[in-house]
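Enquirer:
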Ligand code: ITT
């Protein structure tokens, strides 16, 4: 099956590619196709918007992820607005902004959410969700991953997500869990 990976985020492209390797799908990049504006208020709405728009435009199956980080001390912010937190454009600026907002805060609990949607050209839609809880550090550690990874230590771990390999992150992460469920649903029984 040919599937377009409907994301402009290179970190997601890598994680989706690694997670779905072995399914025998032909994963294709967006190749300049415009992505719709994310007007939804839930991860499900935005992931569906991205996957369905690309599937309709191309008449090809499309996979999209909508995700975010929910910070307890910020009443769940930035959530679905994580990519635009504080109006900042870069991961680095958003991380600095988040650290500023949490300065002096002892409750550093947060969780990542990912919703992965596979949209088929016939209109059928499959949805998978994953979560990862942990704590936010007071400064960044590590150079891997993307987004808020350098600030986030998953429960039961000592390293941040940015100090792990893609495979290590994938084994425990919100997106890894959603993608594993998708993979399981499509695995051929020999
Ligand atoms: P696409 O919409 O093109 O897929 P995006 O980065 O804009 O890319 P989202 O709208 O879903 O994607 O925004 C999710 C943001 O949440 C992302 O930009 C990161 O800042 C953050 N985020 C999501 N998953 C993350 C992860 O695994 N590690 C670190 N940060 C993550």
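In the UniProt record's numbering, the protein residues as written are 7 to 196. Even glycine gets a Cβ: it sits at the ideal position worked out from N, Cα and C. Since this is a predicted model, take the numbers as computed values, not measurements.
#1: Looking at residue 59: is its Cβ nearer than 9 Å to the Cβ of residue 89?
#2: So which residues put a beta carbon under 5 Å from any heavy atom of ligand 1, going in chain order?
#3: Determine the burial state of residue 181: buried for a count of at least 16 other Cβ atoms within 10 Å of its Cβ, exposed for fewer.
#4: How would you call residue 109, buried or exposed, if buried means at least 16 neighbouring beta carbons within 10 angstroms?
#5: Could you tell me the alpha carbon to alpha carbon distance between residue 52 and residue 71, rounded to whole angstroms?
#6: Going by the beta-carbon positions, is the gap between residue 173 and residue 24 smaller than 9 Å?
#7: Any contact between the region 18-37 and the region 93-103? By contact I mean 3 or more CB pairs, one from each, below 8 Å.
#8: Where are the beta strand (DSSP E) runs, 3 residues long or more, that stay fully inside the region 135-183, in chain order?
#9: Run through the DSSP bridge pairs and tell me what residue 194 is partnered with.
#10: Which of helix, strand or coil does DSSP assign to residue 88?
#11: Does the beta carbon of residue 20 come closer than 9 Å to any beta carbon on chain D?
#12: Run through the DSSP bridge pairs and tell me what residue 97 is partnered with.
#13: How many angstroms separate the CA atom of residue 171 from the CA atom of residue 150?
#14: Would you decide whether residue 197 is buried or exposed? Buried here means 16 or more other CB atoms lie within 10 Å of its CB.
#15: For residue 74, report the span of its beta strand (DSSP E) as first-last.
Expert: Taking the structure as given:
#1: Within the chain shown, residue 59 is the residue found at index 53, counting from 1. Within the chain shown, residue 89 is the residue found at index 83, counting from 1. No, they are not a contact pair.
#2: So the residues near ligand 1 by this Cβ test are 13, 14, 15, 72, 73, 74, 88, 89, 153, 154, 155.
#3: As a first step, residue 181 is located in the chain shown; it is residue number 175 there, counting from the start. Around the beta carbon of residue 181, a 10 Å sphere encloses 16 or more other beta carbons of the protein chains shown; the residue is thus reported as buried.
#4: As a working note, residue 109 is residue 103 in the chain shown. Exposure of residue 109 is indicated by the presence of fewer than 16 other C-beta atoms within 10 angstroms of its C-beta.
#5: In the chain shown, residue 52 corresponds to position 46, counting from 1. In the chain shown, residue 71 corresponds to position 65, counting from 1. A straight line joining the alpha-carbon of residue 52 with that of residue 71 spans about 8 Å.
#6: In the chain shown, residue 173 corresponds to position 167, counting from 1. In the chain shown, residue 24 corresponds to position 18, counting from 1. Inclusion of residue 173 and residue 24 in the CB contact set at 9 Å is warranted, their separation being smaller than that value.
#7: With the cut-off at 8 Å, the region 18-37 and the region 93-103 do not touch.
#8: Runs of the beta strand (DSSP E) inside the region 135-183: 158-160.
#9: As a first step, residue 194 must be located in the chain shown, where it is residue number 188. DSSP lists no partner for residue 194.
#10: Within the chain shown, the letter at position 82 stands for residue 88. In the displayed model, residue 88 falls within a helix according to three-state DSSP.
#11: Looking at the structure shown, chain D is missing, and only one protein chain is on hand.
#12: Looking up residue 97 in the chain shown gives position 91. In the DSSP output, where bridge partners are listed per residue, residue 97 has none listed.
#13: Locating residue 171 in the chain shown gives position 165, where the first residue counts as 1. Locating residue 150 in the chain shown gives position 144, where the first residue counts as 1. Going from the Cα of residue 171 to the Cα of residue 150 covers about 7 Å.
#14: The requested residue 197 does not occur in the structure, where the chain is confined to residues 7 to 196.
#15: Taking the first residue of the chain shown as position 1, residue 74 is located at position 68. In the DSSP annotation of this structure, the continuous segment of the beta strand (DSSP E) that includes residue 74 starts and ends at 67-77.
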